[in-house]
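The sequence shown: position 72 = 71 (numbering that gives the first Met the number 0), numbered continuously.
Worksheet: one structure, shown below.
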Amino acid sequence: MSSAAAIVIVTPQYNWGYPAPLKNALDHLYQKWTGKPLVIVTYGGHGGNKCAAQLRQVAAGLHMRPVATMPGIKRTK
Ligand SMILES: Cc1cc2nc3c(=O)[nH]c(=O)nc-3n(C[C@H](O)[C@H](O)[C@H](O)COP(=O)(O)O)c2cc1C
Numbered sequence: 000m001s002s003a004a005a006i007v008i009v010t011p012q013y014n015w016g017y018p019a020p021l022k023n024a025l026d027h028l029y030q031k032w033t034g035k036p037l038v039i040v041t042y043g044g045h046g047g048n049k050c051a052a053q054l055r056q057v058a059a060g061l062h063m064r065p066v067a068t069m070p071g072i073k074r075t076k
């Protein structure tokens with residue numbers, strides 16, 4: 000993580016949130032995320048915009064630099 004120029008997180012949405020293992024990883028590597036540009040990509044039955052918003056807030060707390068565009072992919076089957 001330290002050597003990465005930027006981070007792309009691709010996550011499903013479950014009940015308006017992102018999965019707990021992802022939060023665990025974010026918390027565990029707390030200092031590694033500082034200053035990294037972040038692209039948040041979500042997917043789900045409705046695209047995952049709710050978990051994208053939550054993740055963006057947490058990323059701010061981790062001093063990351065989330066980009067404005069947050070693609071949400073709607074699963075069709
Ligand atoms: C328990 C559960 C809750 C879900 N909640 C949402 C939701 O809030 N919004 C959404 O868009 N999709 C929701 N989905 C659909 C999943 O995001 C979708 O099926 C996704 O493809 C699951 O990713 P996975 O196959 O990698 O586990 C939910 C699915 C499950 C099983």
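Every residue, glycine too, gets a C-beta built ideally from N, C-alpha and C.
*By Cβ distance below 6 Å, which residues in the same chain neighbour M69 in space, the five residues on each side in sequence not counted?*
Reading the sequence shown from its first residue, position 70 is the one you call residue 69. Same-chain partners within the cutoff: I39 and A51.
*Give me every residue whose Cβ sits closer than 7 Å to any heavy atom of ligand 1, in chain order.*
Having a Cβ closer than 7 Å to some heavy atom of ligand 1 are P11, Q12, Y13, N14, W15, Y42, G43, G44, H45, G46, G47, K49 and R74.
*Test item: CB-CB of Y17 and L61 under 8 Å*: As a working note, residue 17 is residue 18 in the sequence shown. As a working note, residue 61 is residue 62 in the sequence shown. Judged by beta-carbon spacing, L61 lies beyond the 8 Å limit of Y17, meaning their Cβ atoms are not closer than that value.
_Along the chain, where does the beta strand (DSSP E) containing P11 start, and where does it finish?_
As a first step, residue 11 is located in the sequence shown; it is residue number 12 there, counting from the start. Segment I6 to P11, the beta strand (DSSP E) holding P11.
*Go through its chain and collect everything with a Cβ distance to A3's Cβ below 7 Å, but skip five positions before and after it.*
Numbered from 1 along the sequence shown, position 4 holds the residue referred to as residue 3. If you ignore the 5 residues before and after A3, its C-beta comes within less than 7 Å of the C-beta of K35, all in its own chain and listed in chain order.
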